[in-house]
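Below is one structure, written out as structure tokens, with a few remarks after it.
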Amino acid sequence: MNIEQITDQISIKTHSQGFIDITNIINKWIKSKTLIKGIINLTLLHTSASLTINENADPRVLKDLNNYMKAIVPEDGFTSINNTSNLQRYSHADEGPDDMPAHIRTSLTTSSISLSIEESSLTLGVWQALYLWEHRQKGSERRIAIHFIGDKQRFVQTTSEVIDYKENSNELNKIVISNHDPNAWAKDEGIDTNIDLMIDRIHDLAGEDTI
Amino acid sequence: MNIEQITDQISIKTHSQGFIDITNIINKWIKSKTLIKGIINLTLLHTSASLTINENADPRVLKDLNNYMKAIVPEDGFTSINNTSNLQRYSHADEGPDDMPAHIRTSLTTSSISLSIEESSLTLGVWQALYLWEHRQKGSERRIAIHFIGDKQRFVQTTSEVIDYKENSNELNKIVISNHDPNAWAKDEGIDTNIDLMIDRIHDLAGEDTI
Amino acid sequence: MNIEQITDQISIKTHSQGFIDITNIINKWIKSKTLIKGIINLTLLHTSASLTINENADPRVLKDLNNYMKAIVPEDGFTSINNTSNLQRYSHADEGPDDMPAHIRTSLTTSSISLSIEESSLTLGVWQALYLWEHRQKGSERRIAIHFIGDKQRFVQTTSEVIDYKENSNELNKIVISNHDPNAWAKDEGIDTNIDLMIDRIHDLAGEDTI
Chain A
9 MNIEQITDQI SIKTHSQGFI DITNIINKWI KSKTLIKGII NLTLLHTSAS
59 LTINENADPR VLKDLNNYMK AIVPEDGFTS INNTSNLQRY SHADEGPDDM
109 PAHIRTSLTT SSISLSIEES SLTLGVWQAL YLWEHRQKGS ERRIAIHFIG
159 DKQRFVQTTS EVIDYKENSN ELNKIVISNH DPNAWAKDEG IDTNIDLMID
209 RIHDLAGEDT I
Chain B
9 MNIEQITDQI SIKTHSQGFI DITNIINKWI KSKTLIKGII NLTLLHTSAS
59 LTINENADPR VLKDLNNYMK AIVPEDGFTS INNTSNLQRY SHADEGPDDM
109 PAHIRTSLTT SSISLSIEES SLTLGVWQAL YLWEHRQKGS ERRIAIHFIG
159 DKQRFVQTTS EVIDYKENSN ELNKIVISNH DPNAWAKDEG IDTNIDLMID
209 RIHDLAGEDT I
Chain C
9 MNIEQITDQI SIKTHSQGFI DITNIINKWI KSKTLIKGII NLTLLHTSAS
59 LTINENADPR VLKDLNNYMK AIVPEDGFTS INNTSNLQRY SHADEGPDDM
109 PAHIRTSLTT SSISLSIEES SLTLGVWQAL YLWEHRQKGS ERRIAIHFIG
159 DKQRFVQTTS EVIDYKENSN ELNKIVISNH DPNAWAKDEG IDTNIDLMID
209 RIHDLAGEDT I
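The listed protein sequences derive, respectively, from chains A, B and C.
With my numbering, letter number 208 in the first sequence gets 216, and the count goes up by one each step, no holes.
With my numbering, letter number 34 in the second sequence gets 42, and the count goes up by one each step, no holes.
With my numbering, letter number 130 in the third sequence gets 138, and the count goes up by one each step, no holes.
Pasting the structure below:
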């Protein structure tokens, strides 16, 4: 198989503290590319916002998450959780009272996440969404670096799968058609594409009469 | 070298809050595959449990971690860490008092982790284990998506290593034997495997008489 | 394109709680390798220190982060954030009062991070640095496992880019020269390198007279 890499950056505008569901934004980006299976790394290029995966159904989850984060990293400073220290104010305060809390909230969550992609979609659970979590009061323009390493084709992985496909040539035809790029031959100026080679291989395995 | 990808999902049953060491479960999964070196991405497909790496020796570490997490994200709600706010109860509470805390605990840890694999094993420190951390009281069936991108062979990386192997053919033979799959020729129906090609290449480099 | 993998481990000595900026250490490691574009996974092989990305400019950010972490995970134990529990001391305390807090701080942050590499550099924002965050009082020798999967060449990705290059042969020549390894032929003992094949391909596409 031909493993390839695609890198890009996208920009997302936030307007206040809280969550932007970027699952569909990332899935649309993936679907606009030729690679369909691989690992994607997303790195938020800022230190006052996070990437996080959480519940996608009830907006109260996001409200509670945001309130909790404000309570555990308050703008006016912190005491120790066991109340044995006095209130400590932030020494890095030039950019406003929400700046240093945003840096702490970033380190308590994460700014870089890798996920699996299959069939041109992020592999997530039914109740999961991928969020950009803005920690600054006013938000900002937020850039995400995207790195996708993967390949263009669903491929026949095991001998038993090959046998299944031999017994179900309709299923196989669907896969071949879904992978077929009618312009591939022209683009490659006559060089065999992977799909050509896969088809040849399947003809070898299955015999000309079964497909 | 031929980089390939394997994806799968596994299920793990949890019964209460706390940790399940999944290091050996993942290592067994890896050893059942043909790829031996690469990067693995593990994504827990749920929003009320986490993946985390921590100490593997003293069970009291896990007890303290669990108690700490219950103290920092309590079921009955939270005040700000500097005690300047009243108790806030969770607004997302339909699924029980342990549900919203579990979502928060998930965002304070992580549900997706990537690790290096060499010689068919996760690269971890001597005192590290990979844990599934259940945050719900009763546990649940938890699915983990696995994505392994890598290759089948330890490969000769540098010219100096090739020279070392030429001077130490026993060492080289051990590597070749450890990589040899006696059924590869049959599986591939006569097509040269990577190991065949590597052996041919080594014969070229070393001369027929040194191996 | 030829995707390859490089694995290694590096050691970093810490002397006290706090941050060591390892951005340049990792970038130097990358630049010493032949791969120039890919995904890197860094796993800290310890359970009482973290990897984290945060602000690279004002040292007070790091001071505040460290103080906050000591306040939220104190050495003398914790109460619940809403003050409804008594002080709980750590049961895992044999290795000193800073040991169990260090394990908790590790799970609140992360010990494994993946990032994108382009042009032999980590893709980070202007204000981002990658830190090793030591959580023990006295520090220790800390090992990081590095896994780099990627390729050796910037490659021509789309048909439109090929056309651009055909119209701007100086730009193309710069890329080819930057990728050129004068010793590649010798290293490979006469076998065509990827750069040889790429040059051939470009000659085909552009016609001998345009380059």
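Backbone N, C-alpha and C define an ideal beta-carbon position, used for all residues, glycine too.
This one's a predicted model, so the numbers in the text were calculated from it and none came from an experiment.
Start and end residues, alpha helix (DSSP H) containing residue i
{"i": "C:Ala101", "result": "Careful: C:Ala101 lies outside any alpha helix (DSSP H) and carries neither H nor E."}
DSSP state of residue i mapped onto helix, strand, coil
{"i": "B:Ile154", "result": "strand"}
{"i": "B:Asp8", "result": "Residue 8 of chain B cannot be examined here, being either before or after the span of chain B that is shown, 9 to 219."}
{"i": "C:Leu50", "result": "strand"}
{"i": "B:Trp141", "result": "strand"}
{"i": "B:Ser115", "result": "helix"}
{"i": "C:Lys146", "result": "coil"}
{"i": "C:Ala110", "result": "helix"}
{"i": "C:Asp159", "result": "strand"}
{"i": "A:Leu73", "result": "helix"}
{"i": "B:Ser24", "result": "coil"}
{"i": "B:Ile121", "result": "strand"}
{"i": "A:Lys36", "result": "helix"}
{"i": "B:Lys78", "result": "helix"}
{"i": "A:Ser93", "result": "coil"}
{"i": "B:Ile210", "result": "Bear in mind that the predicted position of B:Ile210 carries a pLDDT of just 47, short of 50, making it unreliable; the figure below should be weighed with that in mind. Three-state DSSP puts B:Ile210 in a helix."}
{"i": "A:Trp193", "result": "A caution first: A:Trp193 carries a pLDDT of 46, below 50, which makes its placement in the model unreliable, though a value can still be read off. Helix at A:Trp193."}
Cβ-based burial, residue i [other Cβ within 10 Å; buried from 16]
{"i": "B:Val134", "result": "exposed"}
{"i": "B:Leu95", "result": "exposed"}
{"i": "A:Lys160", "result": "buried"}
{"i": "C:Gly147", "result": "buried"}
{"i": "C:Thr92", "result": "exposed"}
{"i": "C:Glu149", "result": "exposed"}
{"i": "C:His143", "result": "buried"}
{"i": "B:Pro67", "result": "exposed"}
{"i": "B:His23", "result": "exposed"}
{"i": "A:Asp107", "result": "buried"}
{"i": "B:Asp72", "result": "buried"}
{"i": "A:Ala65", "result": "exposed"}
{"i": "C:Ser88", "result": "buried"}
{"i": "A:Asp200", "result": "Any reading at A:Asp200 is ruled out, since the residue's pLDDT is 46, under 50, leaving its predicted position unreliable."}
{"i": "C:Ser58", "result": "buried"}
{"i": "B:Asn62", "result": "buried"}
{"i": "C:Gln136", "result": "buried"}
{"i": "A:Ser56", "result": "buried"}
{"i": "C:Asn90", "result": "buried"}
{"i": "A:Ser19", "result": "exposed"}
{"i": "A:Ser115", "result": "buried"}
{"i": "C:Thr51", "result": "buried"}
{"i": "A:Arg13", "result": "Just to set this straight, residue 13 of chain A is Gln in the shown sequence, not Arg. When all chains shown are included, A:Gln13 counts as buried."}
Boundaries of the beta strand (DSSP E) in which residue i is found, first to last residue
{"i": "C:Asp16", "result": "Glu12 to Lys21"}
{"i": "A:Leu225", "result": "Look at the range of chain A in this structure, 9 to 219, and you will see that residue 225 of chain A is not part of it."}
Any non-hydrogen atom of the ligand NAP closer than 6 angstroms to residue i Cβ
{"i": "A:Arg151", "result": "The ligand NAP is not part of the structure shown, which contains no ligands of any sort."}
Inter-stretch contact (C-beta, 8 angstroms, three-pair minimum) for the segment 117 to 135 of chain A and the segment 36 to 50 of chain A: Contact holds: three or more Cβ-Cβ distances are below 8 angstroms.
Contacting positions in the segment 112 to 138 of chain C - beta carbon closer than 8 angstroms to chain B: Closer than 8 angstroms at the C-beta level to chain B, one finds these residues of the segment 112 to 138 of chain C: Ile112, Thr114, Ser115, Leu116, Thr118, Ser119, Ser120 and Ser122.
Positions along the segment 70 to 95 of chain A whose CB lies within less than 8 angstroms of some CB in chain C: Cβ contacts with chain C: Ala79, Ile80, Val81, Phe86, Thr87, Ser88, Ile89, Asn90, Asn91, Thr92 and Ser93.
The segment 21 to 36 of chain A / the segment 78 to 85 of chain B touching (three or more Cβ pairs under 8 angstroms): Taking 8 angstroms as the limit for Cβ pairs, the verdict is that the segment 78 to 85 of chain B does not touch the segment 21 to 36 of chain A.
The segment 96 to 106 of chain B in contact with the segment 93 to 112 of chain A per 3-pair CB rule at 8 angstroms: Contact fails: fewer than three Cβ-Cβ distances are below 8 angstroms.
Interfacial residues, the segment 50 to 69 of chain C to chain B, with Cβ spacing under 7 angstroms: Those residues of the segment 50 to 69 of chain C that come within reach of chain B (Cβ to Cβ, closer than 7 angstroms) are Thr51, Leu53, His54 and Thr55.
Contact residues within the segment 9 to 22 of chain B, judged by C-beta distance below 9 angstroms to chain A: Those residues of the segment 9 to 22 of chain B that come within reach of chain A (Cβ to Cβ, closer than 9 angstroms) are Asn10, Ile11, Glu12, Gln13, Ile14, Thr15 and Gln17.
Contact residues within the segment 20 to 48 of chain C, judged by C-beta distance below 8 angstroms to chain A: When C-beta distances to chain A are compared with 8 angstroms, the residues of the segment 20 to 48 of chain C below that value are Lys45, Gly46 and Ile47, in chain order.
Residues, ordered as in the chain, of the segment 144 to 161 of chain C that lie near chain B by beta-carbon distance below 9 angstroms: So the list reads Arg151, Ala153, Ile154, His155 and Ile157, given in the order they occur along the chain.
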